[in-house]
Amino acid sequence: MNRTYGAALVSAVVVGGTLSGLGVYLGFPAAPSVWFGVVCGLLAGLLLIGASRRADTFHPTDPNAHLADHSDAADRPAADDDTDDPPAGAPRG
Numbered sequence: 140m141n142r143t144y145g146a147a148l149v150s151a152v153v154v155g156g157t158l159s160g161l162g163v164y165l166g167f168p169a170a171p172s173v174w175f176g177v178v179c180g181l182l183a184g185l186l187l188i189g190a191s192r193r194a195d196t197f198h199p200t201d202p203n204a205h206l207a208d209h210s211d212a213a214d215r216p217a218a219d220d221d222t223d224d225p226p227a228g229a230p231r232g
């Protein structure tokens, strides 16, 4: 089992059990509390799986990804190139 799926399973069980137990402890009917806990637990597990899949798009898992050609980076303008600002120490007019 992948670590991500294991973490999602643990998250689902912890969230589901906590919300179900808290609902029953506070005096809500048992069946709706358990269903609410199960649904929220499944959502928590799916959220964790979705976040891990999204994070995989930020960092490629290819072992040679650091060797990618970024030679077109010099053709793009710098992101913080503010030509409207006066030079440092110049009076503002």
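Just so it is clear: in the sequence shown, position 33 is 172 by our numbering, and no numbers are missing.
We put the beta carbon where it would ideally sit given N, CA and C, even for glycine.
Just the Cα atoms here: how many angstroms apart are ASN141 and TRP174? 27 Å
Segment contact flag, the region 158-175 with the region 186-197, C-beta cutoff 8 Å, min 3 pairs: no
Rounded to the nearest angstrom, what separates PHE197 and GLY228 at their Cα positions? 40 Å
What would DSSP say about PRO171, mapped onto helix, strand or coil? helix
Excluding the 5 residues flanking ALA146 on each side, which residues of the same chain have their C-beta closer than 7 Å to its C-beta? LEU187
Within this structure, are the beta carbons of GLY155 and CYS179 separated by less than 8 Å? yes
DSSP three-state assignment for ASP201, whether helix, strand or coil: coil
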